[in-house]
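J.: For what it's worth, this note's numbering labels the leading residue of the sequence shown as 31, then goes sequentially.
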Amino acid sequence: KITDKEAPVLLACEDATYDVDADCVRASTVLTNTAEDNGDCASDWLKWQVFVDTWADGVVDYEYSSFLPSNDSNINNDTNGNGINDRYLAPTSSGEEVAVDVTEVFESSMTNHVVTWKVTDGCGNVSSCTTTFMVVDQKAPTPYCINVYTALMADPDGDGPLSPMVELWAKDFDKGAFDNCTEQEDLLFTFGDSFPVLELLNEAHYFKGEGQLATEAEYLAGNAQYWDPVEQTAGMVFDCDDRPSVNIEIRVTDAKGNSDTCLIFLGIIDNQDGCDNAGSKADIAGNISTSTGEFVQGTEVRLGALLPEYPRSTEVVDGTFAFSDNDLFIDYDVTAALNDNPTNGVSTLDLVLIQRHIVGLSELDSPYKVIAADISNDEKLSALDIIELRKVILGVQDEFNSVDSWRFVDAAQEFADVLSPWPVDYSVDIDNLESNINSANMVAVKMGDVNDTYTSFTNQSTDVRSGNSVSLSVVDAELVSNTVGIIEITNDEKVTTQGLQMSIEFNKVSPITIESSLAGFGDVNYSINGNLVTISWSANTLKTVDAGQVLFTIICNVESNIAISDVITISDRKLRSEVYLGESHDINNVELVVRDGNGLEVEFKSKVLLQNEPNPFTNETTISYFLNNMETSATIKVMDVMGKVVYSQSVNTNKGWNTHSISQSDLAASGVYYYQLDAGNFSEIKSMILVK
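(1) Extract the residue ranges of the alpha helix (DSSP H) inside the stretch 187-275, only unbroken runs of 4 or more that lie entirely within it.
(2) Got a sec? Which residues, its chain only, sit under 7 Å from Ala569 by beta carbon, not counting five neighbours each side?
(3) Residues in the same chain with beta-carbon distance under 8 Å from Ala52, minus the five sequence neighbours each way, listed in chain order, please.
(4) With a 10 Å radius around its C-beta and 16 neighbouring C-beta atoms as the bar for buried, classify Pro644 as buried or exposed.
(5) Check Glu418 in the structure and name its three-state DSSP category.
(6) Decide if Trp257 is buried, meaning its Cβ has at least 16 other Cβ atoms within 10 Å, or exposed.
(7) Compare the C-alpha of Gly241 against each of Glu248, Glu608 and Gln255 and name the closest.
(8) Does the count of Cβ pairs from the stretch 415-427 and the stretch 386-406 closer than 8 Å reach three?
(9) Rounding to the nearest angstrom, what Cα-Cα distance links Asn106 and Leu98 in this structure?
(10) Go ahead and label Pro453 buried or exposed: buried means 16 or more other beta carbons lie within 10 angstroms of its beta carbon, across all protein chains shown.
(11) With distances taken from CA atoms, which of Leu463, Asp167 and Phe438 is nearest Lys311?
(12) Once DSSP output is grouped into helix, strand and coil, what is the label at Arg332?
(13) Evaluate contact between the stretch 346-358 and the stretch 395-403, counting only Cβ atoms and requiring at least three cross-stretch pairs below 8 Å.
(14) Do you know how far the Cα of Arg281 is from the Cα of Tyr249?
(15) Taking all protein chains shown into account, decide if Leu605 is buried (16 or more other Cβ within 10 angstroms of its Cβ) or exposed.
(16) Give a yes or no on whether the C-beta atoms belonging to Leu231 and Asp284 are separated by under 8 Å.
(17) Do Ile565 and Met532 have their C-beta atoms closer together than 8 Å?
(18) So is Ala709 buried or exposed if we call it buried at 16+ other beta carbons inside 10 Å?
(19) Do you know how far the Cα of Lys685 is from the Cα of Asn658?
(20) By a C-beta neighbour count over all protein chains shown, 10 Å radius and 16 as the cutoff for buried, is Ala753 buried or exposed?
(21) Would you call the CB atoms of Thr150 and Lys77 closer than 8 Å?
(22) Between the stretch 585-602 and the stretch 512-529, do at least 3 Cβ pairs fall closer than 8 Å?
(23) With DSSP as the reference, label Lys524 as helix, strand or coil.
(24) Counting along the chain, where does the alpha helix (DSSP H) carrying Thr378 start and finish?
(25) So what does DSSP say about Lys685, is it helix, strand or coil?
(26) Which residues in the same chain have their Cβ closer than 6 Å to the Cβ of Thr212, if we skip the five residues on either side of it in sequence?
(27) How about Leu622 and Ser503: do their beta carbons lie closer than 8 Å?
(28) If you reduce the DSSP assignment to three classes, tell me which class Ser695 lands in.
(29) Beta-carbon within less than 8 Å of Asn101's beta-carbon, same chain only, minus the 5 sequence neighbours each way: which residues are those?
(30) Quick one: give me the first and last residue of the beta strand (DSSP E) that Ile114 is part of.
(31) Cα separation between Ser392 and Ser700?
(32) Tell me where the beta strand (DSSP E) around Pro541 begins and ends.
(33) Answer with buried or exposed for Asp167, where buried requires no fewer than 16 other C-beta atoms within 10 angstroms of its C-beta.
(34) Should Val475 be flagged as near chain D, meaning a C-beta pair shorter than 8 Å?
(35) So the candidates are Val376, Ile467, Ser412 and Gln427; which of them puts its Cα closest to the Cα of Trp436?
(36) When you compare each of Gly627, Asn466 and Leu41 to Asp67 by their alpha carbons, which one comes out closest?
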């Protein structure tokens with residue numbers, strides 16, 4: 031008979047350290063071990079006894095045992111009567127890990143806790159070992175730092191011999207570092223890898239490296255740090271050699287010596303010219319123009335930098351800008367902004383071209399046109415851009431929701447894909463300025479204008495009209511007061527088109543709704559604002575409109591008995607009335623004629639004086655009026671509230687719509703004025719307000 035007398039072998043009898051949680055405690059500590067046995071016993075199971083003496087005071091506090099009843103799962107009782115709280119621990123096989131969970135709450139401490147491991151095999155052979163464990167704070171603080179700009183002091187001690195310098199404290203860069211165990215006010219702050227002398231943490235001293243004493247001379251030379259025990263932070267000196275900036279590690283250390291760093295940017299300015307500043311300034315200049323080379327006036331240009339006196343701004347003059355006397359070796363960025371009339375250069379023809387690009391029938395032929403079409407600012411072209419641009423064209427909204435009317439792109443940007451130019455550089459970035467820069471140029475992009483028909487700041491409108499007109503007509507008839515009237519606008523000649531836009535003025539009727547035979551026409555294609563109707567319609571492909579086809583049916587409330595010839599006119603007051611014909615989208619004017627029941631043309635009967643726009647006004651306002659006869663002249667007068675004529679101008683007129691502008695310089699002071707139009711036998715007065 032062979033008897034196994036070889037005890038099991040314990041494999042994990044090393045001391046261990048456990049970290050605390052975010053609350054600086056540990057509520058559950060799982061201790062593990064493993065034993066191996068040769069397996070020559072009748073039973074292959076290994077039975078365990080684990081004794082835990084918390085705080086190493088010589089008193090065993092917990093017993094985990096395989097010799098207890100298997101249903102004993104309560105650590106808070108003493109099942110075997112030995113005076114120790116115990117619970118059952120299942121046996122293991124050879125090589126299988128055993129684990130016990132000590133659920134006492136431990137705070138971070140440098141105190142050991144003692145564990146005795148005892149394992150017995152099936153033959154009664156026993157092995158044991160004793161280990162210790164600690165629960166300590168092993169988590170480093172979380173640094174949270176800020177970048178700083180500071181100025182050198184030309185004569186820091188006032189007696190002249192020292193060169194310009196500035197003393198900064200590591201804690202100056204703290205923006206709220208925190209730790210799970212150490213209070214914020216007890217955290218230590220130093221520069222880089224150096225640390226104060228541990229035995230002197232409660233005393234002021236100069237130090238370098240890891241706890242080495244240093245001298246004041248080394249400190250003033252920037253080669254050592256100074257420890258302030260009250261504020262628990264190190265100081266350091268910076269001088270002219272550190273200009274214009276330096277990257278520094280700020281180290282945050284907790285009470286247990288755990289530490290972490292953050293890298294900060296320190297900008298150093300010699301604003302008293304105490305350093306050798308020869309050649310330390312440079313100019314930054316450039317021009318702003320469109321992709322076709324037109325300079326853009328009125329643009330505000332901003333120069334940014336991480337310096338106290340920045341950003342700086344200036345306005346473009348003659349298409350150029352310049353910022354002088356900028357510190358060298360600093361990073362700068364140039365941006366531009368202009369948010370004037372969003373409808374400048376924007377028409378329904380732009381919608382046609384954008385729609386064709388989206389559906390793949392044709393392409394916008396430059397990255398700047400694609401950028402101009404991204405009205406929704408989501409870096410793609412879609413129906414959202416069409417919808418918002420049409421709202422601006424119709425006057426439903428006065429500006430774009432997500433972009434200014436102009437955007438400015440770094441002229442040096444190269445586009446890998448002209449049809450998808452994003453991301454776009456909307457600033458000129460200058461890294462580490464070393465000398466004068468005269469090429470911080472930007473390309474101005476008029477949003478919504480994809481055919482370059484905006485009114486430039488140096489020339490007149492650049493759109494090309496054919497000089498031809500498309501004729502529309504209405505049949506004259508009497509409208510009856512207090513009824514709903516119907517006015518039909520008919521196309522006079524067959525055309526093929528992809529879009530049109532119109533402004534229609536009404537007199538003595540109130541438009542309610544508009545219906546149209548044009549493909550896809552709906553509520554989004556028109557806007558009613560008082561007596562003015564604006565229409566914008568576009569299609570992806572050419573559509574044929576036959577002669578005699580009723581284009582628009584306008585339903586309106588009739589205020590008094592009146593003829594249609596007294597009711598309706600086409601104007602350019604809010605929207606230029608035009609239609610785009612053929613594949614080349616030739617721009618044709620729109621004319622409206624009135625015909626009698628026999629199809630013969632008759633004259634419009636109405637004369638109209640409109641309210642000035644804008645009103646109230648600050649700089650300039652425009653008066654629009656319609657004349658139905660061939661009066662060659664008219665007189666516009668402005669009176670103050672006392673009836674005194676303060677402005678009078680004779681003007682040449684045309685049949686149809688005319689405009690006249692009045693500047694604030696034409697009037698003496700802010701207040702209410704009355705303007706009067708006299709043309710032939712027609713005279714009408716309206717009021718306006720000037721706010722200077």
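We treat Cβ as the ideally placed atom computed from N, Cα and C, and that holds for glycine.
T.: Working from what's here:
(1) As far as the stretch 187-275 is concerned, its whole alpha helix (DSSP H) runs of at least 4 residues are 246-250.
(2) Reading the sequence shown from its first residue, position 539 is the one you call residue 569. Closer than 7 Å at the Cβ level, and outside the excluded window around Ala569, lie Gln528, Gly529, Ala549 and Gly550.
(3) As a first step, residue 52 is located in the sequence shown; it is residue number 22 there, counting from the start. Same-chain partners within the cutoff: Asn210.
(4) The sequence position of residue 644 within the sequence shown is 614, counting from 1. Exposed, by the Cβ-count rule.
(5) Taking the sequence shown and counting its residues from 1, the one referred to as residue 418 is at position 388. Residue state, collapsed to three classes: helix.
(6) Position 227 of the sequence shown, counted from the start, is the residue given in the question as residue 257. So Trp257 ends up on the buried side.
(7) Along the sequence shown, read from residue 1 onward, the residue named residue 241 stands at position 211. Of the candidates Glu248, Glu608 and Gln255, the one whose C-alpha sits nearest the C-alpha of Gly241 is Gln255.
(8) yes
(9) Within the sequence shown, the letter at position 76 stands for residue 106. Within the sequence shown, the letter at position 68 stands for residue 98. Computed Cα separation, rounded: 14 Å.
(10) Taking the first residue of the sequence shown as 1, we reach residue 453 at position 423. Note on Pro453: under 16 other CB atoms within 10 angstroms of its CB, so exposed under the neighbour-count rule.
(11) Residue mapping note: residue 311 aligns to position 281 of the sequence shown, counting from 1. Lys311 has its Cα closest to that of Leu463, out of Leu463, Asp167 and Phe438.
(12) Along the sequence shown, one-based indexing puts residue 332 at 302. Strand at Arg332.
(13) no
(14) Here the question's residue 249 lines up with position 219 in the sequence shown. Here the question's residue 281 lines up with position 251 in the sequence shown. Near 18 Å, if we compare the C-alpha coordinates of Arg281 and Tyr249.
(15) As a first step, residue 605 must be located in the sequence shown, where it is residue number 575. Buried, because 16 or more other Cβ atoms sit within 10 Å of the Cβ of Leu605.
(16) Taking the sequence shown and counting its residues from 1, one reaches residue 231 at position 201. Taking the sequence shown and counting its residues from 1, one reaches residue 284 at position 254. No.
(17) The residue you call residue 565 lines up with position 535 of the sequence shown. The residue you call residue 532 lines up with position 502 of the sequence shown. A contact, by the Cβ cut-off of 8 Å.
(18) As a first step, residue 709 must be located in the sequence shown, where it is residue number 679. Burial call: buried.
(19) Taking the first residue of the sequence shown as position 1, residue 658 is located at position 628. Taking the first residue of the sequence shown as position 1, residue 685 is located at position 655. Distance between the alpha carbons of Asn658 and Lys685: 6 Å.
(20) Since the first residue shown for the chain is 31 and the last is 722, residue 753 is missing from the structure and cannot be characterised.
(21) If you number the sequence shown from 1, residue 150 lands on position 120. If you number the sequence shown from 1, residue 77 lands on position 47. Contact: yes.
(22) yes
(23) Translated into positions along the sequence shown, residue 524 becomes position 494. In this structure, DSSP gives Lys524 a state outside helix and strand, which the three-state scheme calls coil.
(24) Within the sequence shown, numbered from 1, the residue matching residue 378 stands at position 348. Looking at the DSSP string, the run of the alpha helix (DSSP H) that includes Thr378 is Thr378 to Val389.
(25) What you label residue 685 is simply residue 655 of the sequence shown in a count that begins at 1. Note: Lys685 maps to coil in three-state DSSP.
(26) Translated into the one-based positions of the sequence shown, residue 212 becomes position 182. Closer than 6 Å at the Cβ level, and outside the excluded window around Thr212, lie Asp284 and Ala285.
(27) In the sequence shown, the residue the question calls residue 622 occupies position 592. In the sequence shown, the residue the question calls residue 503 occupies position 473. Between Leu622 and Ser503, the gap from beta carbon to beta carbon is short of 8 Å.
(28) Numbered from 1 along the sequence shown, position 665 holds the residue referred to as residue 695. In the structure shown, Ser695 sits in a helix (DSSP, three-state: H, G or I).
(29) The residue you call residue 101 lines up with position 71 of the sequence shown. The answer, listed in chain order, is Tyr118.
(30) By one-based count along the sequence shown, residue 114 stands at place 84. First-last for Ile114: undefined, no H or E at that position.
(31) Working through the sequence shown from its first residue, we reach residue 392 at position 362. Working through the sequence shown from its first residue, we reach residue 700 at position 670. When rounded, the distance between both Cα atoms is 52 Å.
(32) Residue numbering aside, residue 541 sits at position 511 when the sequence shown is read from its first letter. Residues Val539 to Ser546.
(33) Sequence index remark: in the sequence shown, residue 167 carries index 137 (1-based). It is buried - the Cβ of Asp167 has at least 16 other Cβ atoms within 10 Å.
(34) Judged by its chain identifiers, the structure shown contains no chain D, having just a single protein chain.
(35) One-based indexing of the sequence shown puts residue 436 at position 406. Relative to Trp436, the option among Val376, Ile467, Ser412 and Gln427 whose CA is nearest is Val376.
(36) Locating residue 67 in the sequence shown gives position 37, where the first residue counts as 1. Per the Cα distances, Leu41.
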